[in-house]
Amino acid sequence: MHDIRMVREQAAALRDGMRRRGALDQLEPVIARLEALDRERRQTIQTVEEKKAARNAASQEVGRRKKAGEDASELQAQTRTLGEEIAGLEASLTETEAAIQKGLYDIPNVTLPTVPAGDETHNTVVRSWGTPRAADGVKPHWEVGEALKLLDLPRGAKISGSGFIVFRSAGARLVRALMNLMLDLHTREHGYEELWVPVVVNRAAMTGTGQLPKFEEDMYALTDDQGFLIPTAEVPVTNLYGGEILDAAQLPMALTAYSPCFRREAGAAGKDTRGLLRVHEFDKVELVRYCRPEDGAAQLELLTGHAEAVLQKLGLPYRVVLLAAGDTGFSSAMTYDLEVFAPGVGKWLEVSSCSVFTDYQARRANIRFRAAPGEKPQFVYTLNGSALAFPRVIAALLEHYQQPDGSVVVPEALRSYVGADSLR
RNA sequence: GGGCAGGUGGCAGAGUGGUUUAAUGCACCGGUCUUGAAAACCGGCGUUCCUGCAAGGGAACCGGGGGUUCGAAUCCCUCCCUGCCCGCCA
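Listed below in structure tokens is the structure:
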């Protein structure tokens, strides 16, 4: 969420940001309305506060007279009228502020200057690592997975629905191995604190990271109780310090958590539905960082490197894509996608999305820090990235390391975790 | 799920309708004193919003929301959370 002051004082930069996302035409009415609402709000506040000051003074006078045994009924009646006027003005103020809030929720973050303008055709590959394997003869992961009895897709669909995966035997162990490999790497070598968090969160948390109110239809909601299943550990982890003021010494903060992730994928029916490419429940290790504003860009490079390190450990060829403004997520100011090559399906698969949100999320979740004692609190910058999402990594492993005899070689770094050199 | 007790500033902790601009202590910051430090003393000590070039002025905030009243931390309703007891349970 933007500060209304952004609309008031930096309207040109805001409009330019929306233009770079290709969203200005759509959002211009929202911005114009916000400008009007802001003027209206401030005017109402002035009036209401004058009346409140008058009421406060009058009420005190009533108290004084009563104490002195004098009559105050006339003054009381006047003050009552004042109170009624205040109530009316405050009701309209509440409406105005709700409208402002709603408008602000509709405006995405402004991307950093280094982000190319335009739609996804302007995404740029900034670097790549490893050599993609030639596609010939490589079977798609769902075929290998079923042949080696690592996956049981039909039974997953039976007990839960399509898009819910059952892993079994070495496949199940592979999931656990990936979790341990990634968490060990991030905690031991990258300095992250490990968290284990609830997968059910409340509406406030979902709003803090920006999933709500705009993307409610993509979330699984509990019916008998309030609450949502998290679509990513970003939600509980980023909101961990919501409403708090941190000490400067705590920054940068680096947190990591494994969690299952639940996504309805509304509107994505029929797209990449085979195998592990797009599922409703999957596992992921997430990285979250909080930092000072001046460190935002550097911290994004650092975080992206931590996600890349997992792919390098696994020996999977990948590329780093800088998303253009129009393809950058709603709350994000700059995003790198990590795409791993899966020769069986012949596609680059997105296994991570690393973003810096500037103060956009922090303002929503109200996460601040005090740079020095006595200074005013300011919003932190938040960052996050998957490192990594499991299913597509598993798909890439089953395809990239596939052998002519149908077996799959386990990459070195994973062997002690899986307890085998190859899956056969 | 039922009952009881609570939720006040960074922390502790007063305050049950009107000089409360929320006492007091601790912590923290500045100063005096000191060679330096400690102690002592003096001063400061929150967040948000509106207004103003500024100095300043004003408003709101005692778990959230609503109500009663001229006036609410204080009374009422409701929700949330914490602790304890009972019940249930992996």
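For the first sequence, the positions run 122 to 545 when our numbering is used. Beta carbons are placed, not taken as given, at the ideal position from N, Cα and C, and that holds for glycine. These numbers come from a predicted model, not from an experiment.
{"Asked": "Throw me the rounded Cβ distance for the glycine 363 and asparagine 487 pair, which I believe falls under 8 angstroms.", "Found": "6 angstroms"}
{"Asked": "Is tryptophan 317 near the ligand ATP - that is, is its Cβ less than 8 angstroms away from at least one heavy atom of it?", "Found": "This structure lacks the ligand ATP; in fact it carries no ligand of any kind."}
{"Asked": "Taking the beta strand (DSSP E) that asparagine 505 falls in, what are its first and last residues?", "Found": "502 to 510"}
{"Asked": "Closer than 8 angstroms by C-beta to alanine 445: which residues in its own chain qualify, once you throw out the five before and the five after it? Chain order, please.", "Found": "Val236, Pro237, Ala238, Gly239, Asp240, Glu241, Thr242, His243, Asn244 and Thr245"}
{"Asked": "What are the boundary residues of the alpha helix (DSSP H) that tyrosine 538 is part of?", "Found": "533 to 539"}
{"Asked": "Just the Cα atoms here: how many angstroms apart are threonine 202 and arginine 126?", "Found": "34 angstroms"}
{"Asked": "When we look at the beta-carbon of glutamate 407 and count the other beta-carbons within 10 Å, is it buried (16 or more) or exposed?", "Found": "buried"}
{"Asked": "How do the segment 215 to 226 and the segment 421 to 433 stand: do at least 3 beta-carbon pairs fall below 8 angstroms, yes or no?", "Found": "no"}
{"Asked": "Rounded to a whole number of angstroms, what is the C-alpha to C-alpha distance between leucine 271 and leucine 302?", "Found": "19 angstroms"}
{"Asked": "Extract the residue ranges of the alpha helix (DSSP H) inside the segment 405 to 436, only unbroken runs of 4 or more that lie entirely within it.", "Found": "417 to 435"}
{"Asked": "Run the CB neighbour count on tryptophan 317, radius 10 Å, all protein chains shown included, and call it buried at 16 or more, exposed below.", "Found": "exposed"}
{"Asked": "Note down, one range per segment and in chain order, each beta strand (DSSP E) of at least 3 residues found wholly within the segment 310 to 370.", "Found": "314 to 316 and 366 to 368"}
{"Asked": "Would histidine 521 and alanine 463 qualify as a contact pair, given that the criterion is a beta-carbon distance under 9 angstroms?", "Found": "yes"}
{"Asked": "If we ignore side chains and look at the alpha-carbon of each, how far apart do arginine 248 and glutamate 460 end up?", "Found": "11 angstroms"}
{"Asked": "Considering just the uninterrupted stretch of the beta strand (DSSP E) at serine 473, what are its terminal residues?", "Found": "468 to 477"}
{"Asked": "Between which two residues does the beta strand (DSSP E) carrying leucine 196 extend?", "Found": "Segment 194 to 226 is the alpha helix (DSSP H) holding leucine 196; no beta strand (DSSP E) there."}
{"Asked": "Please identify the residue among Ala370, Ile351, Val442 and Glu337 whose C-alpha is closest to the C-alpha of serine 476.", "Found": "Val442"}
{"Asked": "Would you mind sorting threonine 353 into buried or exposed? The rule is 16 or more other CB atoms within 10 Å of its CB.", "Found": "buried"}
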